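Residue numbers (the working numbering): 36 to 139. No residue lacks a Cβ here, since even glycine has one placed at the ideal position from N, Cα and C. As the structure is a prediction and not an experimental result, all values here were calculated from the model. Heads up: the structure comes next, in structure tokens.
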């Protein structure tokens, strides 16, 4: 709780209104805590990696621009890692089998 409050108050501001910035920072830090506690440190690091990749590569929907290749590369990397993680998580079990969601 203290981490969320400190992050909300002292976190980076990207908007002009300090109250909006504090609320957005508080939500972000609460999500960091939730993901880390619920899913673990590896999931938190994977979300940080995906966030950094998607923020730092230029994004466009116009594929005729000169930087469209880097947009497709960033999305392909994140999608490939998510696909590999999903494949590893299901451990080779068929997806559409009766009882797929049942515990082993």
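Continuous alpha helix (DSSP H) stretch holding residue i: start and end
i           : result
residue 103 : 103-125
Pick from the options that is closest to residue i, judged by C-alpha positions
i           : options             : result
residue 116 : 97, 84, 75 and 126  : 84
residue 90  : 123, 110 and 100    : 110
residue 61  : 37, 106, 75 and 128 : 37
residue 114 : 81, 101, 99 and 103 : 81
residue 65  : 112, 93 and 41      : 41
Straight-line gap, residue i to residue j (C-alpha atoms, nearest Å)
i           : j           : result
residue 87  : residue 119 : 19 Å
residue 97  : residue 105 : 12 Å
residue 52  : residue 58  : 10 Å
residue 71  : residue 79  : 6 Å
residue 123 : residue 77  : 14 Å
residue 63  : residue 95  : 25 Å
residue 121 : residue 128 : 11 Å
residue 102 : residue 56  : 31 Å
residue 92  : residue 99  : 16 Å
**OP:** Go through the region 63-101 residue by residue and report every complete run of the alpha helix (DSSP H) that reaches 4 residues or more, in order.
**Re:** 76-91
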